[in-house]
Ligand SMILES: NC(=O)c1ccc[n+]([C@@H]2O[C@H](COP(=O)([O-])OP(=O)(O)OC[C@H]3O[C@@H](n4cnc5c(N)ncnc54)[C@H](OP(=O)(O)O)[C@@H]3O)[C@@H](O)[C@H]2O)c1
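Residue numbers (our numbering): 22 to 333.
Written out as structure tokens, the structure reads:
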């Protein structure tokens, strides 16, 4: 990927897209094509086709998507399905027609079956039932992966599809109605400390284990795979290790300096006991993450304090 190449980063205002832009700029890429959703709604087929035909980007990083936490996914299955399917359908087809050299698709570990053997390997895709709370989002993302594969097999479309674990970092969503677990817990600890409360509630037993990756590491994985001409197909991206929710909450309390007691609310469900990705395929090519969980939470905490006024 030449540094003068014309690169479209879709979703550049988002957490992942903005990190990809920072990473590209750090690496000397300056010819970036950026459009907000109000300038270019990728659900709109005509506008998307015209944009690709006019601009003819060399490379595409697809970080535009409708994204949300468990609640938002559960309550808006139809919108998560429609928006993501439409975005993928139009961008992949337009990229193929306009001669894009390589396409980076971003999915999520929720594409894998709810009961996939742990750690989850790429070949677990479509071997079992999905987690029902986000089947709309996951089905659309599976369609995106399979569409890239079909265009690759029939037309030689060059692509990589990255399936990251839970991500967190600058630009994260801190809205309690739609945020993911790590930013949600961080905000709750900060506010519990500020209110001077002596206890903080943890949903369930705290034993379920999850995996978290700092967003700049997923951006570096995208760049790494786009720069590697041989790399093609599906790649898991993560730390390759998980942490129990209770340990995560304790870590956050320590970083924020909150010394209250954690009280488990056993009336709340635990969910899947473990979710960790097998990242050996990507690591075998020479990529590895650089930000450990402690350092990443510190960075997110500092970012939240700086941008606090933007959150209600
Ligand atoms: N966050 C995570 O924990 C996580 C984990 C695994 C995978 N991922 C994947 O990473 C990708 C990016 O996620 P994110 O967390 O960065 O999401 P995000 O912060 O919500 O950003 C999504 C971006 O998509 C753009 N977008 C949404 N609808 C659009 C449309 N119709 N047309 C054009 N642009 C549109 C938005 O643009 P505007 O701001 O201009 O409206 C926004 O900048 C997604 O594919 C997601 O599946 C995320």
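Backbone N, C-alpha and C define an ideal beta-carbon position, used for all residues, glycine too. Note that this is a predicted model, so its numbers are computed, not measured.
Report the residue from the options whose alpha carbon sits nearest the alpha carbon of residue i.
i: residue 105; options: 91, 129, 92 and 117; result: 129
i: residue 20; options: 282, 132 and 57; result: Absent from the structure is residue 20, since the part of the chain shown begins at 22 and ends at 333.
i: residue 252; options: 173, 290 and 313; result: 173
i: residue 302; options: 277, 259 and 290; result: 259
i: residue 291; options: 272, 265 and 278; result: 265
i: residue 211; options: 114, 319 and 176; result: 319
i: residue 47; options: 24, 119, 287 and 77; result: 24
i: residue 176; options: 117, 56, 109 and 234; result: 117
i: residue 109; options: 121, 95, 96 and 126; result: 126
i: residue 71; options: 103, 119, 178 and 79; result: 119
i: residue 322; options: 188, 277, 295 and 179; result: 277
i: residue 80; options: 95, 115, 87 and 294; result: 115
i: residue 317; options: 191, 281 and 213; result: 191
i: residue 280; options: 181, 215 and 101; result: 215
i: residue 88; options: 240, 201, 250 and 66; result: 201
i: residue 268; options: 304, 206, 55 and 249; result: 206
i: residue 76; options: 168, 164, 138 and 26; result: 26
i: residue 296; options: 183, 152 and 38; result: 152
i: residue 22; options: 275, 240, 248 and 293; result: 248
i: residue 169; options: 121, 155 and 324; result: 121
i: residue 283; options: 155, 36, 209 and 97; result: 209
i: residue 228; options: 164, 261 and 294; result: 294
i: residue 43; options: 275, 96, 82 and 160; result: 82
Strictly by DSSP, which residues pair up with residue i?
i: residue 166; result: DSSP, once it has assigned bridges, lists no residue as partnering residue 166.
i: residue 81; result: 29 and 124
i: residue 233; result: 187
i: residue 265; result: 230
i: residue 180; result: 124
i: residue 282; result: 220
i: residue 295; result: 230
i: residue 255; result: 182
i: residue 141; result: 298
i: residue 54; result: 29
Is the beta carbon of residue j closer than 8 angstroms to that of residue i?
i: residue 84; j: residue 31; result: yes
i: residue 220; j: residue 285; result: no
i: residue 199; j: residue 270; result: no
i: residue 28; j: residue 61; result: no
i: residue 99; j: residue 157; result: yes
i: residue 146; j: residue 255; result: yes
i: residue 150; j: residue 162; result: no
i: residue 185; j: residue 194; result: no
i: residue 112; j: residue 148; result: no
i: residue 272; j: residue 326; result: no
i: residue 312; j: residue 257; result: no
i: residue 11; j: residue 289; result: Absent from the structure is residue 11, since the part of the chain shown begins at 22 and ends at 333.
i: residue 45; j: residue 188; result: no
i: residue 123; j: residue 40; result: no
i: residue 234; j: residue 181; result: no
i: residue 94; j: residue 102; result: no
i: residue 33; j: residue 63; result: no
i: residue 239; j: residue 298; result: no
What does the Cβ neighbour count give for residue i, buried or exposed, with the cut at 16 atoms within 10 Å?
i: residue 140; result: buried
i: residue 51; result: exposed
i: residue 237; result: buried
i: residue 222; result: exposed
i: residue 309; result: exposed
i: residue 328; result: exposed
i: residue 338; result: Nothing can be reported for residue 338, as the shown portion of the chain is limited to 22 through 333.
i: residue 330; result: exposed
i: residue 57; result: exposed
i: residue 217; result: exposed
i: residue 59; result: exposed
i: residue 144; result: exposed
i: residue 86; result: buried
i: residue 287; result: exposed
i: residue 250; result: exposed
i: residue 49; result: exposed
i: residue 171; result: exposed
i: residue 78; result: buried
i: residue 74; result: exposed
Say whether chain B places a C-beta atom closer than 8 angstroms to the C-beta of residue i.
i: residue 135; result: Of the protein chains in this structure there is only one, and it is not chain B.
Should residue i be counted as a contact of ligand 2 given a C-beta to heavy atom distance under 7 angstroms?
i: residue 134; result: No copy of ligand 2 occurs in the structure displayed; its ligands are ligand 1 alone.
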